[in-house]
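Chains as they are written, first to last, in full-length UniProt numbering: chain V, 1 to 392; chain U, 1 to 392; chain C, 1 to 392; chain L, 1 to 392.
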């Protein structure tokens, strides 16, 4: 057993942290970081800075100019990037693009790679992942999928409504989950690729949400008889759920990595404040009521870090790590939310203002206990495995 | 012992709830409810509607057109008002005006009542309470007060910076806490009344904050050689801390009342959703993972309600109830925050959006664990009383 | 609304507290307080002392020499008695006798009152309540009842095994829950009265349990063709579940009352220790890490007290208060367990020893989250009411 | 980074688990496992069985017949041993002997090794560690040491009272922490070695405690003019605190390892029960209220495991790991206590009885949040490091 991070990864993570701290953090007060996330203009500016600093998209395969980081490598680098919520935007390792790249890398045909993955990987354009639907459609339970795909000659006709589609506004293309109607695959979920420029795709509105760190925000998207050619299927027909799983386990973990970076930042801000601000005759940090919160933050950061590393190691070994990535999602999302909460509390009145990044982090990270499976769905899955005696 | 609410109070509370539900709630999507709180224009419109419905400012003494509600009466009515975060704005029982009215009612001279309390009580204008200062000034520890008042002939000259001053933007007058410099009261905190129209009072900026339900938002206010006459002192010179305590105990409790109303609303929204939204073969509410959260909400609402009633009863008996109002503040602010958190979690993706009021409630109520004394300061005070053997 | 406790009740509670503190507490080191509870010998000695002090069985109706305390009266007096875990034993208001008296008082025929209630109420003998069965029988789910009652001529023949039967060892009689087999009431739960001296009732063993405050401990009891006359039915045939509910709601609440008394005691012991024991340059109580725990204890005691009062008031009004007594059970059992845990933690090494009563209280109160419905069953019931829209 | 456990360690851990499950577990109902811990007779019988199985004392250096396990090796093996609370007793890797062996191994002179370490390492006799004193002596704050050592010619005269001295009853020798009075080292803590057979050492009583898994229980020990030769000092004069630290960091971690084994056992018992016991129409484990508890157990076990491994790795690298071992102590002791609590709750009525080992585990592990530094002392230390900016 060995917890050493390879020198090469450490060096890259260290450069990323420096880049984020010196170059990205000052952008946190940029007006282009709106309540619907950073604008594409800001995103591109940050991407250019990352390219210049040699830290752009290091997770991408070397084929597309990246460094093909392992999951453990990502653990180090994405956490460094997450030090600012704009860091993953700058490095182009934010959701949903990062997860989409992974999915396409595993599943896409060569021509799809060329057309969709290549421009995505190089940052030429963005993408979105259209799975979630409003009630009574597919939310926590993907089997409630209502969006349909019907074969009309050589063309698939897709109809339905999606929502909470992150980054839809401004995306070049979409991966759409739909239920096949008719034919041999009748009733089975399937993934399709489509250009967002298609007139049959309508962004009905951008939702006002508690979080604001994803480029393009979260949109309601409608498909009105969207027609795509028969080869627009990603992978095999009827394998949508399988691919969603392929995407999800690592996607969950990269969320953990990025948010861990923000937790470390919040803890730094709270600690620095606790060293300086006085009350009742001494600095806050000399009050146990405050220092115990800092200690609890440190422990939550510690266990989150270890959990991420362990699951990343399993993924690097080629395991599915379903149970472990579920546990990592719950452990990290809840631990990091506590760090955000305590950090805000330590800052007191200042914590309630946008004068530090902690307020925004607190709001953003609230959604993390919900997306990619709410804690309840993961607890249910973890518990069911135990009760039914599955090893994994 | 008797937990019955008098019929007259029940009737008023019932009318208030109806008014809020039917008239106020639709305003929750009004664009004049900004991220810095409702505009004064919206506030006045809501005040007029409340007057028309006969529910305006029922806590105000009959002298000024109110009903002189007892603390227990307020418990019922303010909770009904809090069903919408705009309800207390409409009824003119929101912070800081409601607390300022109480303070002026107890402390102000007849001429000050006429000049300040009367227009405030009737809703002609708003007020602000200038106590909190940025680090290293008076925050949780009021003894760190840095704003000074120096007597220059017959005029007090006030200098200093305040922040997180709720409702300063648009307020007619301010109650200012400053430390006397020189003279017999040297070093002692004193309250002053001043018109906000004075050029020496500068609103430097309105803070971007996590909450957004207070009219005028929270501002940074600077006094640059603000000159007020010698009779601008509220009450006695040097008694600032004592008056702050007079204001605080009931002010804390009315916060609890109003937020309890919002918690009841969130629970209703979450329950309704849990009855309708399906996942994994049944409605959410039939999953114990969800129904246990609803049960915990019910219990947190129950204990909050009982705690408020008990402290209100003590205040009505004329007790200071310092220990009990501290406990009520901690118990309610934490219980209600948990209700907000669970309700949002039950709503899942919907909960992260502004499509229900729960998202805004979740954010707003976060600040409640900080203002009027963060939980840590109250725990410290409660614990100290126990250790040092004070009965109260 | 009014939280005053009537002077007469206050006076009695005060006498009870004094009796418990001065007379009962010294018995806490008596060797007759075994790991299976106080012996009957000790119980009788304590009963005599209580009689002498004029505080014996004040909840019992005047007919049997008691004072016919209301539920609110019990709230004050049982909490005072609970100051020592031997207090309720001394006053003869401990489980299961106290609940059995209530049940018999509501349901028993005159001849049953004379034969069973009278000697029970006057402390001549004890009783037990035989409902719980080992897996796969009736535990949390009473509908899994396996013990049967079969009519053979004029005689009921009862067969089955019960366990966790509190006080069975030494009891004069039992109330037995059994499922009728055959006849019109086939399959319906029914309560029977039987003398424990019957040879067909075998106490197989007394269980070693985490708690030790109930006289007689908890036993495994077997009925081997126990024959009782047809008039041994308590109340009506087939109404067993209804009577169980009649017994349960108040029985749960009296548990809350008694344990609250122990929580107050633990808090006193912890506070006194925190005032005296030093570490790192000051007394423990001046460390926020300790004083915050005392403050949390105070708040948990406060909400438990209020919850008990409220439910008692409802019961006194004649309401069933099913929802409220469920909430009170969960709120109090969990809050009081936290008080026990924090008090033990404050005492440190001393807390792990039997040199204070806190260690025993900590263990005993652990079972309170399980008996009379585990927290999970109550949360399930509370949540179901909310989801299904029942008001009560 | 690599989380693989070496095959050799895995193999040993697997043999230990098998030994504990098949040979040791049946002893859990042996009457020689008293409320003051296993008797020495039982301990020796178990030791012999472990020797026979080839798993005795694998942590001991090869010089004394052990396998000189690294900290990571211990993590695997001690956790396997902890599957039964008697496992560490059988393998002779329980506290305080295991920690004393480590201390002696690092600090003792060759003649002291021969006289004290050798018989201890081979299981010929046991030892105790006399540091803790009753109030107002050394508890959480070792600097309050009251036991004195005064040089009288060539002899040290030791006076004082210790308590909570684990294993004193039946121990062959003691390591005594005392404060030197007079001379150059005046006032400095120093460790002494003494035979427990000395008449000047009196075991005043064995404490009744909440836990019961340590051989010999916990005693009050008095030194009345205990005279030991000048070479009875362990290591250097005045270095007592330093040695206590050398002992503590690994000793804390081995506690975590052993208790983790018991947590795994409790989770197995609860899971098995949840698969079998029915309520309300299905097995408990199909109720989310239960399966979520199993899931939380799994996550607490997971983070405990990872935290132990990480700190063990640091210790193996030769680092002091003070911060990490403090964090591991708090994280594991609190997580494992939650596992015990949930497991007991899942078992319901059964959980409150000694019919499963969970009841005993629940009680024993309560003390773990107190010994080797209560959570509060560790949080204080962790927080202080952060506030004062120490890296370690």
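Just so it is clear, CB atoms sit at the ideal spot from N, CA and C, and this is done for glycine as well.
Every value quoted in this text rests on a predicted model; they were computed, and no experiment measured them.
For residue i, the residue or residues it bridges with in DSSP
i              : result
residue 38(V)  : 33(V)
residue 191(U) : 177(U)
residue 156(U) : 151(U), 228(U)
residue 165(U) : 219(U)
residue 2(C)   : 2(U)
residue 127(L) : 173(L)
Per-residue DSSP class, three states only, for residue i
i              : result
residue 50(C)  : helix
residue 244(C) : helix
residue 279(V) : strand
residue 356(V) : coil
residue 256(V) : helix
residue 140(V) : coil
residue 182(U) : coil
residue 79(L)  : helix
residue 239(V) : coil
residue 109(U) : coil
residue 117(V) : helix
residue 371(V) : coil
residue 95(L)  : coil
residue 19(C)  : helix
residue 85(V)  : coil
residue 262(L) : helix
Close-in-space but distant-in-sequence residues of the same chain around residue i (CB under 6 angstroms, 5 per side omitted)
i              : result
residue 224(L) : 200
residue 333(V) : 368, 369
residue 212(L) : 35, 37
residue 161(V) : 222
heavy atom of the ligand PLP below 6 angstroms from residue i C-beta
i              : result
residue 158(C) : As for the ligand PLP, it is missing from this structure, which has no ligand bound.
Cut-off 7 angstroms between Cβ atoms - residues of its own chain near residue i, not counting five sequence neighbours on either side
i              : result
residue 49(U)  : 23, 90
residue 39(L)  : 32
residue 266(C) : 339, 340, 343, 358, 361
residue 118(V) : 64
Cβ-Cβ separation, residue j to residue i (assumed contact under 8 angstroms), whole Å
i              : j              : result
residue 274(L) : residue 346(L) : 6 angstroms
residue 85(U)  : residue 341(U) : In fact, because the Cβ distance is near 17 angstroms, the residues do not count as touching under 8 angstroms.
residue 182(L) : residue 151(L) : 6 angstroms
residue 387(L) : residue 285(V) : 3 angstroms
residue 237(V) : residue 107(V) : The Cβ separation is near 12 angstroms, so there is no contact.
Jot down the residue ranges of each uninterrupted beta strand (DSSP E) in the segment 187-236 of chain C, minimum 3 residues, whole runs only, in chain order.
Taking only runs of at least 3 residues, the beta strand (DSSP E) segments lying wholly in the segment 187-236 of chain C are 189-195, 201-206, 218-229.
Ordered list of alpha helix (DSSP H) runs contained in the segment 289-363 of chain U, each at least 4 residues:
Runs found: 322-347.
Using a Cβ-Cβ cut-off of less than 8 angstroms, list which residues of the segment 264-294 of chain L approach chain A; keep chain order.
As a matter of chain content, chain A is missing from the structure shown, whose protein chains are V, U, C and L.
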